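These notes are about the structure you will find just below.
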Amino acid sequence: MFEKKFGFLRIYFIAMSVLAIVAVITSFVLMRLGMKSKSSEKMVISASFYPEYVIAVNLLEGTEVGVSNLTANVTGCVHDYQLTTADMKNIEESIAVVINGGHMDHFAVDAVEKASGGLVLDEVNGVKTPVLINTAKSFEEEYENPHYWMNVDLYEKQISEAADGLVDMFRLLKNKSYSSLTGIDNDDIDGIISKINENESNYISKLSEISKKKDELKVSGVKVVCFHEALEYLAEDLGMSVKASLDMDYDTALSAGDLKDIEDTIKKEDVKYILAATGYTTAAEKVASEMGIELIVLDAGTSSSGEGAIKDSYINMYLSNLNIIAG
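Sequential numbering of the sequence shown, starting at 338, is according to the working numbering.
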């Protein structure tokens with residue numbers, strides 16, 4: 338009886354040992370498969386919010402590089418955006434993060450400094466991080482208003498800054514021989530760099546459509562008040578005379594003092610139009626009604642209109658605004 342029981346236990350322990358070994362081997366194989374899967378994933382560039390996302394999509398079109406919008410669910414500006422756990426994961430899986438600059442999207446800067454990506458090219462305070470590409474690096478100190486993309490000339494500079502940053506990053510990627518992690522060899526990287534330069538030239542050329550339309554408008558010197566700082570750039574781009582500009586990134590009511598100041602300005606300067614951004618019209622509608630002047634609602638370019646391809650959305654947005662102003 339004892340021998341039978343002992344024999345059963347011995348068989349039991351042998352079986353358990355075999356299962357343990359199989360489990361270890363299985364885990365190892367799955368881990369290797371996971372590593373292989375990770376290395377063969379498409380490289381991803383993240384953009385802090387929609388205007389930068391559109392730039393990145395245009396520059397990386399036709400390459401093996403994916404583009405992610407960190408704030409895809411945000412429809413306005415991102416001054417006070419709070420990153421989610423999913424956002425942090427996206428940043429850590431990116432090789433670079435493209436930002437607007439001007440402290441508009443500082444949340445992304447903070448996140449990059451805390452991130453520890455699997456493919457690392459930069460170090461911040463000794464911590465390895467994804468590359469940070471600031472599209473306003475060369476001019477952000479000159480302008481208090483960070484809604485640069487609504488000025489076509491500044492937008493072109495942002496495109497070039499982003500292209501230069503991406504090219505520099507890929508050259509560094511090539512020099513550091515990360516092909517084992519990315520699955521992309523140096524010849525492929527040369528192709529990506531060439532495509533970025535080609536796309537930069539093509540995209541900037543396409544912006545000439547906007548310049549032609551701007552030249553057709555006869556609004557130079559027209560007095561306006563802007564209920565969104567992004568529209569200040571648009572108005573100035575068209576030669577309008579901006580008599581006041583309010584930071585209306587949130588659709589909130591004006592204080593009694595602000596309301597009086599803006600109405601006094603409209604009376605004194607004989608303002609013809611109020612310009613407001615889609616989704617931020619409550620205060621503007623109130624003032625326009627009380628003052629008896631026309632309200633023009635325009636797109637600030639901070640989110641997709643849902644019409645057409647993403648890569649054409651900036652041009653479509655700007656041309657649509659010009660058509661609205663033309664009446």
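For every residue, glycine included, the Cβ atom is placed at its ideal position computed from N, Cα and C.
These numbers come from a predicted model, not from an experiment.
Assuming residue i and residue j make a contact with CB atoms under 8 Å, what is their CB distance in whole Å?
{"i": "N488", "j": "D574", "result": "5 Å"}
{"i": "Y610", "j": "H565", "result": "Rounded, the Cβ-Cβ distance is 13 Å, inconsistent with contact."}
{"i": "S383", "j": "N427", "result": "6 Å"}
{"i": "Y387", "j": "G439", "result": "Actually they do not touch by this definition, with Cβ atoms about 16 Å apart."}
{"i": "I652", "j": "K543", "result": "6 Å"}
{"i": "Y418", "j": "F444", "result": "5 Å"}
{"i": "L612", "j": "L635", "result": "6 Å"}
{"i": "V607", "j": "K560", "result": "Looking at the sequence provided, one finds Asp at residue 607 rather than Val. Indeed, because the Cβ distance is near 6 Å, the residues count as touching under 8 Å."}
Report the rounded CA-to-CA distance for residue i versus residue j, giving the unit in angstroms.
{"i": "L420", "j": "V449", "result": "11 Å"}
{"i": "S538", "j": "M628", "result": "46 Å"}
{"i": "D525", "j": "A572", "result": "43 Å"}
{"i": "S626", "j": "S582", "result": "18 Å"}
{"i": "R369", "j": "F476", "result": "Reliability fails at R369, whose pLDDT of 31 lies under 50, so the model's placement of it is uncertain and the value that follows must be treated cautiously. Approximately 46 Å between the Cα atoms of the pair."}
{"i": "E553", "j": "A393", "result": "30 Å"}
{"i": "K605", "j": "L591", "result": "19 Å"}
{"i": "S377", "j": "I521", "result": "Its pLDDT being 41, under 50, S377 is placed unreliably by the model, and nothing is read from it."}
{"i": "E569", "j": "Y390", "result": "22 Å"}
{"i": "A499", "j": "A593", "result": "42 Å"}
{"i": "I633", "j": "G502", "result": "37 Å"}
{"i": "K555", "j": "V402", "result": "42 Å"}
{"i": "L509", "j": "S642", "result": "36 Å"}
{"i": "D649", "j": "E398", "result": "12 Å"}
{"i": "T363", "j": "S405", "result": "The predicted position of T363 is uncertain, since its pLDDT is 34 and thus under 50; a value taken from the coordinates is nonetheless stated next. For T363 and S405, the distance between alpha carbons rounds to 33 Å."}
{"i": "V579", "j": "N482", "result": "14 Å"}
{"i": "T422", "j": "M506", "result": "26 Å"}
{"i": "K379", "j": "D527", "result": "16 Å"}
Per DSSP, residue i forms a beta bridge with which residues?
{"i": "V435", "result": "A384, I470"}
{"i": "E631", "result": "Y610"}
{"i": "V561", "result": "V579, Y610"}
{"i": "G502", "result": "G502 is not bridged to any residue."}
{"i": "S531", "result": "According to DSSP, which records beta bridges pairwise, S531 is partnered with nothing at all."}
{"i": "V404", "result": "I382"}
CB-CB under 7 Å to residue i, same chain, minus the five flanking residues each way: which ones, in chain order?
{"i": "I603", "result": "V562, M628, I630"}
{"i": "K550", "result": "L656, L659"}
{"i": "D442", "result": "S385, F386, V415, I436"}
{"i": "T400", "result": "I529, K532"}
Could you name the residues of the same chain whose beta carbon sits closer than 6 Å to that of residue i, not counting the 5 residues immediately before and after it, in chain order?
{"i": "A637", "result": "H565, A567, A614"}
{"i": "L469", "result": "V434, V449"}
{"i": "Y655", "result": "I547"}
{"i": "L346", "result": "Here L346 scores only 44 on pLDDT, less than 50, and its place in the model should not be relied on; the value that follows carries that caveat. Nothing listed; no residue qualifies."}
{"i": "N523", "result": "K511"}
Excluding five sequence neighbours on each side, which residues of the same chain lie with their C-beta closer than 8 Å to the C-beta of residue i?
{"i": "E600", "result": "V624, E627, M628"}
{"i": "L396", "result": "I496, A499, A500, L503, I533, N536, E537, Y540"}
{"i": "A663", "result": "E553, L554"}
{"i": "I348", "result": "Model confidence at I348 stands at a pLDDT of 43, short of 50, so the residue's coordinates are unreliable; what they give is reported in the following sentence. Cβ neighbours of I348 beyond the five flanking positions: none."}
{"i": "S431", "result": "V381, I382, S383, S405, G454, P467"}
{"i": "V446", "result": "I436, L469"}
For chain C, check one thing: does any of its Cβ atoms lie closer than 7 Å to the Cβ of residue i?
{"i": "D501", "result": "Among the chains in the structure shown there is no chain C, since it carries only a single protein chain."}
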